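Undergrad: Dropping a structure here in structure tokens format, bear with me for questions.
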Amino acid sequence: MTRPIKEQKTIEDDIVVEVEKVITEKFQFLLDEVNQDIVGWITIPGTVIDYPVVKGEDNDFYLDRNVNKRKARAGSIFMDFRNSRVNDDIHTILYGHNMKDGSMFKELINFKDEYFFNKFRVIEYHNLYEQTEWEIFSVYVTNTDFYYIETDFSTNSDYQLFLDSIVKRSLFETDIEVMVGDQIMTLSTCDYDFEDARLVVHAKKVK
291 MTRPIKEQKT IEDDIVVEVE KVITEKFQFL LDEVNQDIVG WITIPGTVID
341 YPVVKGEDND FYLDRNVNKR KARAGSIFMD FRNSRVNDDI HTILYGHNMK
391 DGSMFKELIN FKDEYFFNKF RVIEYHNLYE QTEWEIFSVY VTNTDFYYIE
441 TDFSTNSDYQ LFLDSIVKRS LFETDIEVMV GDQIMTLSTC DYDFEDARLV
491 VHAKKVK
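Spelled out as structure tokens, the structure:
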């Protein structure tokens, strides 16, 4: 049985209270009956992307294993092992294969179309405790030379420089501002425009 997590919150200037986070009934069942590595569920309304999210001890285990830890070519949608399963990092990264049958993160490729990009901008992410909502603000194709999966920023300036760089790379402009203090989510999959290409989608937490 997974225990509730206690989180400290500061009220006004110097009063600190403990807020207990309780895992929802849905996820408690999945953790008990399916896999303790489950950390959330991602849905992009209007697309086929509607999957549980797992997190392993590295970024290799779930490349070829499904949510039940069985060998599977499609693998799973998985969170970067450096991220917190509580989903409270400033930068959360999710990976998934670009499958020819249209499953997993295949449909992310459609975000290279401006109409699709503008129509399906909302990501619903249920972490273990609550539903959150994210709005897509950037999509682009890059190679692995660009380190878009940075999770640790030494200073606020470093984080802002990173945010500015991923906005600038986007194929399309939006009116969404991203700045220090914002949480972002990155979805990553393979692209076949060139060797070692990656299709990257960035979203800002709005709810």
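Heads up, the sequence shown is in the working numbering, so the first residue is 291 and it goes up one at a time. Cβ coordinates follow ideal geometry from the N, Cα and C atoms, glycine included. The structure displayed is predicted, hence computed values, not measured ones.
Output the distance between the C-alpha atoms of N356 and D435, rounded to the nearest integer angstrom.
TA: On the sequence shown, position 66 is the one that residue 356 refers to. On the sequence shown, position 145 is the one that residue 435 refers to. Taking the straight line joining both Cα atoms gives about 28 Å.
Undergrad: Mark Y405 as exposed unless 16 or more other C-beta atoms lie within 10 angstroms of its C-beta, in which case mark it buried.
TA: What you label residue 405 is simply residue 115 of the sequence shown in a count that begins at 1. Burial call: exposed.
Undergrad: Spell out the partners DSSP gives K495 in its beta bridges.
TA: Position 205 of the sequence shown, counted from the first residue, corresponds to residue 495. Partner(s): W424.
Undergrad: Quick check on the DSSP output: the beta strand (DSSP E) that includes V329 runs from which residue to which?
TA: Indexing the sequence shown from 1 puts residue 329 at position 39. Looking at the DSSP string, the run of the beta strand (DSSP E) that includes V329 is I328 to T333.
Undergrad: Count the other CB atoms within 10 Å of the CB of L489; is the residue buried (16 or more) or exposed (fewer)?
TA: Within the sequence shown, the letter at position 199 stands for residue 489. Label assigned to L489: buried.
Undergrad: Comparing alpha-carbon positions, which option in Y415, M389 and F401 lies nearest V344?
TA: Position 54 of the sequence shown holds residue 344. Of Y415, M389 and F401, the residue nearest in Cα terms is Y415.
Undergrad: Alpha carbon to alpha carbon, what distance is there between M394 and E323?
TA: Counting from 1 along the sequence shown, the entry for residue 323 is found at position 33. Counting from 1 along the sequence shown, the entry for residue 394 is found at position 104. Their Cα atoms are separated by approximately 22 Å.
Undergrad: Would you mind stating whether V412 and A487 have Cβ atoms separated by less than 9 Å?
TA: Numbered from 1 along the sequence shown, position 122 holds the residue referred to as residue 412. Numbered from 1 along the sequence shown, position 197 holds the residue referred to as residue 487. Not in contact: V412 and A487 (Cβ atoms no closer than 9 Å).
Undergrad: Going straight from the alpha carbon of S455 to that of H492, what length do you get?
TA: Looking up residue 455 in the sequence shown gives position 165. Looking up residue 492 in the sequence shown gives position 202. Rounded to the nearest angstrom, the two C-alpha atoms are 12 Å apart.
Undergrad: Assess, as a yes-or-no matter, whether the stretch 477-484 is touched by the stretch 456-469 under the definition of 3 or more beta carbon pairs within less than 8 Å.
TA: Verdict: no, contact absent.
Undergrad: Where do the ends of the beta strand (DSSP E) carrying S478 lie?
TA: Here residue 478 corresponds to residue number 188 of the sequence shown, with the count starting at 1. Per DSSP, S478 belongs to the beta strand (DSSP E) from I474 to C480.
Undergrad: Looking only at its own chain, which residues have a Cβ that is under 7 Å from the Cβ of S444, when we skip the five neighbours before and after it?
TA: Residue 444 sits at position 154 when you count from the first residue of the sequence shown. No residues qualify anywhere along the chain.
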